[in-house]
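Participant:
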Amino acid sequence: MNDFELLKHHDIVTDENFASQTYWKGVFTRFFAKKRSVIGLIIVVVIIVLAILGPVLSGYEYREISSVINPETGKEVVAKGLAPRIPFLHKLLGKAPYDDFFADKTFLFGTDDLGRDLWTRTWYGARVSLLIAFVTIAIDVVIGMCYGLISGYFGGVVDSIMQRFVEIANSVPRLVIVSVLAVFMPKGIGLVIVALLITEWIGMSKIARAEMLKIKELEYILAGKTLGASNLQIIFGDVLPNTIGPIITQVMFSIPTAIFTEAFLSFVGVGIMLPECSVGSLIEDGFNNITTLPYQIIPPIIVLALLMLGFNFIGDGLREALAPKLKDM
Amino acid sequence: MAKYIVKRIVTSVVTLLIITFLLFFLVRIMPGNPFPSERMTDEAIAAKRLEMGLDDPIMTQFIRYMKKVCVGDFGKGTSLYNGAPIKTVLNKAISNSFKIGGIAILLGTAVGLILGIVAALNRDGFWDVFCSVFSILGVCVPAYVFLIFLQYTFAYKTSLLPYFFDSMNFFKSTIIPSVSMSLFTMSTIARFTRNEMVEVMDSDYVRLAESKGMYGTKLVTRHILRNALIPVVTVLAPLIVDLLTGALVVEKIYGIQGIGKLMVDAISGEGIDYNYVLALGIIYSALYIGMMLVVDILYGVLDPRIRVAKKGGDK
Amino acid sequence: MKLTKKILCVALALAMVLSFAACGDKNEAAAPAADAKIISVMLSTNVMSLDCNLATDGDSFEVIADCIDGLTQMDADGAAIPALAESWDISEDGLTWTFHLRDAKWSNGDPVTANDFVFAWKTAALTNEEYGYMLDSSVGCIKNADAVMYDGADVDTLGVSAPDDKTFVVELEAPVSFFDSLMYFPTFYPLNEKFYTGLESGTYGTSADTFLSCGAFILSDYTPGAASFSLTKNPDYWDAANIKLDGIKYQVVGSSDNALTAFKNGSLDLVAISGSQVPSAQADANLSSKIKVTGAGYMWYLSFSQTKANANGGQLANANLRLAITNAIDRESLVDNYVMDGSLPTYTCVPPQFAASATTGADFSADQTMFADVCSFNVAKAQEYLAAAQKELGTDSFTFTMIYGNNEGDEVSKVAQAIKEQVEANLPGVTLNLQAMSKAERLDKMQNDNYDVALTRWGPDYADPMTYLGMWITDNANNYGFWSNTDYDQLITDCTTGAYVSDYDARWAALYEAETLVMNDAVIAPLYTKSNANLISDKLSGVDFHPVALNRVYKSATLQ
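Order-wise, the sequence lines are chains A, B and C. The first sequence begins at 1 in the working numbering and counts up by one. The second sequence begins at 330 in the working numbering and counts up by one. The third sequence begins at 645 in the working numbering and counts up by one.
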């Protein structure tokens, strides 16, 4: 008789109540367990889908001016500054038809000062703004985090020099940098992205550096050092995951900053080229008529606010999902 | 610490000098003529360039300029407010922008901090939700839209406050612009404070303090706030510089003679005014570098660990 | 939670402190007497300079003219009537003008003398600032002005003199038929020599203390760049009895929407609104009667770079291509749908409404169909021109960039976009990209011939077609198209200093001839002549509006 018996493979019983999960699977589960994050995700996805499909669905081009020739005078009449109108719904409600040349046209959000459909332009603008925001922020996070973490980790002379460089980069007024850039680069989306990159990574690096300063004296880092972990390993392996929280908060706030900076750049003439538009430029345009035609500014502001809300919910969810605290598990 | 501060001040001054040169150089390659040129002949422009020494080697010009700036003389404009000494124009603009910006900073920071702390202490409660919604609105509605809203409600509908900025009636006429400018700072600070607080409150040492029976005001001020405030200070610094240097559209709408509008006027009039762009650029840089200096020193005050590390680093 | 309450208390206290700070404001200005007739007027940009030699913009000219009188002033129709000069004599050959000054005082008590004019004009010739050219042979033709300004001759040779305190004599190189109407332009205003030279260089006109009035109003507070400032009535003005206002408060308003609200609120008595606000003002029963459209003078036009060396290989040097573009633009639609402030579609390169013939009184450009065969909205013809251009240049598609200023008025970007849509729709094969930039950059690009098409404007400096036609002579600094035509140059020389100077009608006819050359070649594409849509309070009446030189004059204004 054998004292010991070999176990067959299938006889091993794993604990099914606390099954071991991969890290990312855990993140996934934790993220979707929260109602808020799901709502945020839905908002953002819906806006992205509308940004892609909205302009197609309306039947108008983003730059298309709706106009007719007045048969009496032979002059062109442009559908400018119209309030939102849906003739179908209008009829359904039993109201008298619109008394102008555009009685049968549908403008869900109304038209702008040039007689262009604001629905189309809002979603087209959302597309442009999202593109600019995503590209710049993705690059900013990479640059800013690396810079800030390295600067904070090494401290001393390295930190001092790196921070002086940040000061130089940050303290030249943006308008000056951008005007000079425009001499060397064609104006348009590319220039906007470069202009945003030049200044926006700095906020990110500040946060990363501050976090590094806080974390680097903690026991687990010291332990890592004692055990002979390389600097790179400590910075990117041990510290980086723990800075995710504040970085995500910063990213959420960078999105509207990017969108508004883009609008400001368009305003001073180095942004996107007309007749293209962005959420920021639509807000600026709407602002010109804010008391007389207030509906012009409302759609872009709501889109921006919803985007922000969505990103914030996602950000909160992500932060808690990525760096779980005992309380949340 | 004293040694560190002195060293930090010296590097700041050197940085400022480098920036000034960089600015001096950048301004020269900006597109546009330094003079209003629509009705001027090429000869007249050439004569003006000669008179102002714009064709000298750039180092010569820079040294000449710095000599003057060091005694506080920014020279006179090339096209903006023709020939008026920049000092007289700047004095007014700076005093307006600093006062309004200063009130906006105080208001924004104070209310933002309070809101953030209350939200963190009431996690997932009413104040927390309020704080999230408020901070989202504050960040994505531009200050000038708030301004119009306030102007419409308090100046147009009710005449409680002046419709335009009036330097004779300073306090009343700062309320609308400074409140609208403070909202961005307020929401950013509220949001950051809340998140940092939450993070700190979940940390082991706070749990330890709690388990040892520490609670209430003492716990919050001694342990939580102090640690949560460090990143907040970092966020605040650039916001302060932005607020002090004025908000272009707010100034334009409310009729404030301030720095933001001056900068845009200097760049986009009929001619680009080198001397104004330079003067404003230097002020902006000096403010920014000054803020960074303060932040670095504050770090030491707020976080003893950094102080120790700095000492170690300076040996 | 206890702590929450505490914090809320602090917040509440803070709010109270702030509101107390607001209430405890003892700094309020002494309220002016309730019946003081002070009007609040909107300016759309800052006053750039109060020095009559340095000022370059309409708003500055307006404020200077409120405070300083010229030899003549404008009547309600823009004709020159006596101001500081009681009367004047013109020699038979038209070359010597003798002005007899009336008794008038500067606001420091000094009398206004002929020497103040001599000093001012000599200063203008010496400094040769942007408007210095008003003295030279292209406009004022003052004797030796060219030599002093461009060849470094002694300034004392300038043809101005003061035989006695009350007589001011001007000698001209050639007769200038509109010389009396030049005299209300600020470049020709007097300067008090003792006061001016007693100030630190560059500080004249930078505050109420460094500025002297001799006109209807006195500057009471001002700093350069001020967003608001005020003037008060000058009790020592020679015509003080006829000035009905006690003061003017100027307020710079940057947004038209805001201007409209401020007007509705009663904060401003006179504002100019942009086209976007006009429909809503018209729809408002309270406002529609208060709208007054006045000519602003400016003509907006497209400038084409016509040099071969241009970035696009000088495609726009082809006249047919330029004609195609100018005929593809629906100016009526631009004005009706986008500008909307009463601006006039313009088909002549000298805009209407500012230059009337001295003999017939007829507007130089009253007939806008004069050049209908080369400049009108005619898609078929535009396409014919395009086909010809395509054949001549051997290519079917053209891509141009149109530059325009982003700080030159609300309607400019709308007009630019509308032109893009019209040109691209009506001329298949032509692409017009848009590029916004600051005015400084736009001018720089135009002066250095680094552009294809520019949306630009020009305002008349004096009431004669030459203020426009003078631009297109070879090598003129404002000839941004770099167009050159010897016949044209000859015609213009004949009109300014040559054969036609003493024959008014022949000169007038020659000016038409010159205009025809410009239009046939489509050197520029005129678009519209700008108007201002003003809102004027019911209480305010008698403000004179002019398209040229001084846009608004308040000398006969009254406030109820």
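Idealized CB from N, CA, C, for every residue including glycine. No experiment lies behind these values; they were computed from the predicted model shown.
Using a cut-off of 9 Å between C-beta atoms, extract the partners of V418(B) located in chain C.
Facilitator: Simply T850, T867, P868, G869.
Participant: Using a Cβ cut-off of 7 Å, pull out every chain B residue sitting near N772(C), in sequence order please.
Facilitator: Near N772(C) (Cβ distances below 7 Å), the residues of chain B are A373.
Participant: How big is the Cα-Cα spacing for I290(A) and L1194(C)?
Facilitator: Going by the C-alpha atoms only, they are around 32 Å apart.
Participant: Verify the CB distance criterion: does A1080(C) have a CB-CB separation below 8 Å to chain A?
Facilitator: By this cut-off, A1080(C) is an interface position.
Participant: Report the rounded CA-to-CA distance for Q163(A) versus V624(B), giving the unit in angstroms.
Facilitator: The alpha-carbon atoms of Q163(A) and V624(B) are separated by roughly 12 Å.
Participant: Assuming E774(C) and T850(C) are in contact, meaning their beta carbons sit under 8 Å apart, how far apart are those beta carbons, in whole angstroms?
Facilitator: Between T850(C) and E774(C) the Cβ distance is about 18 Å, and since that is not below 8 Å, they are no contact.
Participant: From what residue to what residue does the alpha helix (DSSP H) around N971(C) run?
Facilitator: Residues 963-971.
Participant: If I553(B) and M526(B) are in contact, beta carbons under 8 Å, what's the gap, nearest whole angstrom?
Facilitator: About 6 Å; that satisfies the 8 Å criterion.
Participant: Return the chain-ordered ranges of every beta strand (DSSP E) run that is complete within the region 56-91 of chain A and spans a minimum of 3 residues.
Facilitator: 67-69, 76-78, all fully within the region 56-91 of chain A.
Participant: Strictly below 7 Å CB to CB, what residues from chain C border G584(B)?
Facilitator: Simply A871, S872, Q895, V896, V897.
Participant: Using CA atoms only, rank isn't needed, just tell me which of G59(A), A79(A), Q296(A), V251(A) is closest to E200(A).
Facilitator: If we check each option's Cα against that of E200(A), V251(A) comes out closest.
Participant: Cβ of I429(B) less than 8 Å from any chain A Cβ?
Facilitator: Cβ-Cβ to chain A under 8 Å: no for I429(B).
Participant: By alpha-carbon positions, which one of I48(A), M204(A), K95(A), Y62(A) ends up nearest to W119(A)?
Facilitator: If we check each option's Cα against that of W119(A), Y62(A) comes out closest.
Participant: List, in order along the chain, the chain A residues whose C-beta lies closer than 8 Å to that of Q921(C)?
Facilitator: The contacting residues are N289, T292.
Participant: Out of curiosity, what's the CA-to-CA distance linking A675(C) and M497(B)?
Facilitator: Its pLDDT being 47, under 50, A675(C) is placed unreliably in this model, and the value from its coordinates should be taken loosely. Distance between the alpha carbons of A675(C) and M497(B): 11 Å.
Participant: Taking only beta-carbon atoms, is E1085(C) less than 8 Å away from chain B?
Facilitator: Output row for E1085(C): interface = yes.
Participant: If we ignore side chains and look at the alpha-carbon of each, how far apart do V804(C) and D371(B) end up?
Facilitator: V804(C) and D371(B): Cα-Cα distance of roughly 27 Å.
Participant: For the pair the region 598-615 of chain B and the region 408-415 of chain B, tell me if three or more CB-CB distances fall below 8 Å.
Facilitator: With the cut-off at 8 Å, the region 598-615 of chain B and the region 408-415 of chain B touch.
Participant: Can you tell me which of the three DSSP states H1190(C) falls into?
Facilitator: Coil.
Participant: Note down, one range per segment and in chain order, each alpha helix (DSSP H) of at least 4 residues found wholly within the region 728-815 of chain C.
Facilitator: Correct list: 758-771, 789-794.
Participant: Quick check on R368(B) - is its C-beta less than 8 Å from some C-beta in chain C?
Facilitator: Taking Cβ atoms only, chain C reaches closer than 8 Å to R368(B), which makes this a yes.
Participant: When you compare each of Y982(C), G1125(C), A961(C), L1087(C) to V922(C) by their alpha carbons, which one comes out closest?
Facilitator: The shortest Cα separation from V922(C) among Y982(C), G1125(C), A961(C), L1087(C) belongs to Y982(C).
Participant: Using a Cβ cut-off of 7 Å, which residues of the region 499-522 of chain B contact any Cβ in chain C, in chain order?
Facilitator: Listed in sequence order: F499, F500, K501, I504.
Participant: CB T992(C) to CB E815(C), shorter than 8 Å?
Facilitator: No; because the gap between Cβ atoms is not below 8 Å, this pair is not in contact.
Participant: Distance check for G271(A) and F184(A), CA to CA, integer angstroms please.
Facilitator: Roughly 14 Å between the two C-alpha positions.
Participant: Within 8 Å, do at least three Cβ pairs link the region 556-571 of chain B to the region 1046-1060 of chain C?
Facilitator: Counting Cβ pairs under 8 Å, fewer than three are found: no touch.
Participant: Rounded to the nearest angstrom, what separates S920(C) and D113(A) at their Cα positions?
Facilitator: Taking the straight line from one Cα to the other gives about 7 Å.
Participant: By the 8 Å beta-carbon criterion, what residues does the region 106-133 of chain A contribute toward chain C?
Facilitator: Within the region 106-133 of chain A, the qualifying residues are D113, L114, G115.
Participant: Excluding the 5 residues flanking Y881(C) on each side, which residues of the same chain have their C-beta closer than 7 Å to its C-beta?
Facilitator: Cβ within range, chain order: G859, A860, I887.
Participant: Who are the near neighbours of P819(C) in its chain, counting only those whose CB is closer than 6 Å to its CB and skipping five residues on each side?
Facilitator: Same-chain partners within the cutoff: G738, V1145, S1146.
Participant: Measuring only the C-alpha atoms, how far is Y588(C) from V783(C)?
Facilitator: With chain C covering only 645 through 1204, there is no way to say anything about residue 588(C).
Participant: Three or more beta-carbon pairs under 8 Å between the region 498-517 of chain B and the region 426-445 of chain B, yes or no?
Facilitator: Yes, the region 498-517 of chain B touches the region 426-445 of chain B.
Participant: Report the rounded CA-to-CA distance for E1085(C) versus P360(B), giving the unit in angstroms.
Facilitator: Approximately 6 Å between the Cα atoms of the pair.
Participant: Where do the N-terminal and C-terminal ends of the alpha helix (DSSP H) with M1163(C) fall, by residue?
Facilitator: Counting along the chain, the alpha helix (DSSP H) containing M1163(C) begins and ends at 1148-1164.
Participant: Just to make sure I have the definition right: I need the residues of chain A whose C-beta is within less than 8 Å of the C-beta of Y991(C). Which are they?
Facilitator: Result: empty, since nearest Cβ-Cβ is about 16 Å, beyond 8 Å.
Participant: Using the Cβ count rule (16 or more neighbours within 10 Å means buried), how would you classify D679(C)?
Facilitator: Burial call: exposed.
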